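Following: one structure in C-alpha cells, then a few remarks.
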Ligand SMILES: C[S@@+](CC[C@H](N)C(=O)[O-])C[C@H]1O[C@@H](n2cnc3c(N)ncnc32)[C@H](O)[C@@H]1O
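Residue numbers (the working numbering): 4 to 287.
In C-alpha cells form, the structure reads like this:
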C-alpha cells in the first residue's frame, strides 16, 4: 500500500499523495464537494450543477445498471462514488493515494448511509486488485496525476471483466508545446505544479493510444474545453468568499499560487494549449 506522505527529505513535496493530503480540506471550499471541473451550459450557471453535469456525462457513457461493481480510481473525497451508489444502485470501491481522501470519503459514505461505497488507499497504476473483478472503471480527473499513464490504462483494463467499460475525464493538452516555449513559460508551469501537484497532460489522441494498447476497443473521445472554461471564475468566486478559511489552511503563499494559477489556466484554455476531455472504451 502506498504511503500517504512519502518520507523523502525534499521539500516541498509535489507528489500527488502528499499534495492531496495537504489541500483536500481547502479544496472542499474552493472546488466544492466534487473535486473536478464543471461543464457549463451557461457561464452564469452555478458551479454545483456544472460539476454534477460532468459526472452525469460520465454516468451516461458508463452505462450503469443496478448491481454492477465500479472501481473509482482517484476517488477524491467520495462525492461521485456516493452519487453512483445512491442513484444507480451500483457497488463502488474508491481508491486514492491520499489517506486524508480515504478518511473523508469513508465519512461521507457513512453519513449518507451508503455501505455500497467503500474506499481504500491504493495506487491506480498498481492497484493490487484481482483480474476481471469489476464491471466499470471510473477515472475522474485523476489520470493527469499518474505519470505512468499506460500503467493506469493497463490496470483498469486488467481488472475489468469482458464487456466492461472504462470512462475517464481529465485536463488535456491540445497542442504540442515546443521546448523553447516550455522554457519561456516555466514560471507558469511552476505555479501550476505548486498549486495542483506534479502533473502531466496528454492529448486525447494519446489517451486513445494508451487505451488501445491496453487492449480496450471502441475508444471514443469528447472535447469539452469551451464548456469547462467558466470553472476558473467560479473557483475565484469561492476563493473570494472563503479567503480567510482557505488562508488558514493553505497559507499566504498557497493562496497566491492558487489565485495566480486561475489566470494561467484561463489563458491556457483560451489560447488552445490545455483543455478538458472525456475518453470511454470497452473491454472486449
Ligand atoms: C482532482 S481529484 C479528483 C477526485 C474525484 N475523482 C472527483 O472527481 O471528485 C484527483 C484525485 O486523484 C487521486 N490520485 C492522484 N494520484 C493517484 C494515484 N496514483 N492513484 C490513485 N489516486 C490518485 C488524488 O488523491 C485525488 O483523490
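From the three backbone atoms N, C-alpha and C, an ideal C-beta is built for every residue, glycine too.
Source: prediction; values computed, not measured.
Which parts of the stretch 22-93 are runs of the beta strand (DSSP E), unbroken and 3 residues or longer, counting only runs that do not cross its ends?
-> 72-76
Extent of the continuous beta strand (DSSP E) to which residue 140 belongs = 137-143
Quick one: does the C-beta of residue 279 sit closer than 7 Å to a heavy atom of ligand 1?
-> no
Within the structure, which residues are defined as neighbours of ligand 1 by a Cβ-heavy atom distance below 6 Å, reported in chain order?
-> 19, 23, 37, 38, 39, 76, 77, 78, 79, 82, 83, 98, 99, 100, 101, 104, 126, 127, 128, 143, 144, 145, 148, 149
Would you call residue 260 buried or exposed, if buried means 16 or more other Cβ atoms sit within 10 Å of its Cβ?
-> buried
Own chain, CB closer than 7 Å to residue 131, minus 5 neighbours either side, in chain order = 125
Counting only the same chain and skipping the five closest in sequence on each side, list residues whose C-beta sits under 6 Å from that of residue 216.
-> none
Short check: CB of residue 183 to CB of residue 264, under 8 Å?
-> no
Mind checking residue 158: buried by the 16 CB within 10 Å criterion, or exposed?
-> buried
Just how far apart, CA to CA, sit residue 100 and residue 21?
-> 9 Å
Quick one: using the 10 Å Cβ neighbour count with 16 as the cut-off for buried, is residue 280 buried or exposed?
-> buried
Which stretch, first to last residue, makes up the beta strand (DSSP E) that contains residue 222?
-> 220-226
Measure from the alpha carbon of residue 144 to the alpha carbon of each residue in 68, 96, 66, 78, then state which is nearest.
-> 78
Endpoints, the alpha helix (DSSP H) within which residue 198 is located | 189-199
Are at least three pairs of beta-carbons, each pair with one atom in the stretch 204-213 and one in the stretch 147-165, less than 8 Å apart?
-> yes
Using the DSSP secondary-structure output, state which residues sit across from residue 123 in a beta bridge.
-> 98
Secondary structure of residue 267, DSSP reduced to three states | helix
Under the DSSP definition of a beta bridge, which residues are partnered with residue 180?
-> DSSP, once it has assigned bridges, lists no residue as partnering residue 180.
Exposed or buried, residue 107, counting other C-beta atoms within 10 Å across all chains shown (16 or more means buried)?
-> buried
In whole angstroms, what is the alpha-carbon distance linking residue 50 and residue 153?
-> 32 Å
Residue 286 to residue 273, Cα distance in whole Å?
-> 35 Å
Should residue 6 be labelled buried (16 or more other beta-carbon atoms within 10 Å of its own) or exposed?
-> Summary for residue 6: the model assigns pLDDT 32, below 50, so the residue's position carries little reliability, and this model does not support an answer.
Looking at C-alpha atoms only, which residue of 94, 241, 267, 103 is the closest neighbour of residue 72?
-> 94
Does the stretch 108-124 come within contact of the stretch 241-250, defined as at least 3 CB pairs closer than 8 Å?
-> no
Got a sec, what are the start and stop residues for the beta strand (DSSP E) residue 281 sits in?
-> 277-285
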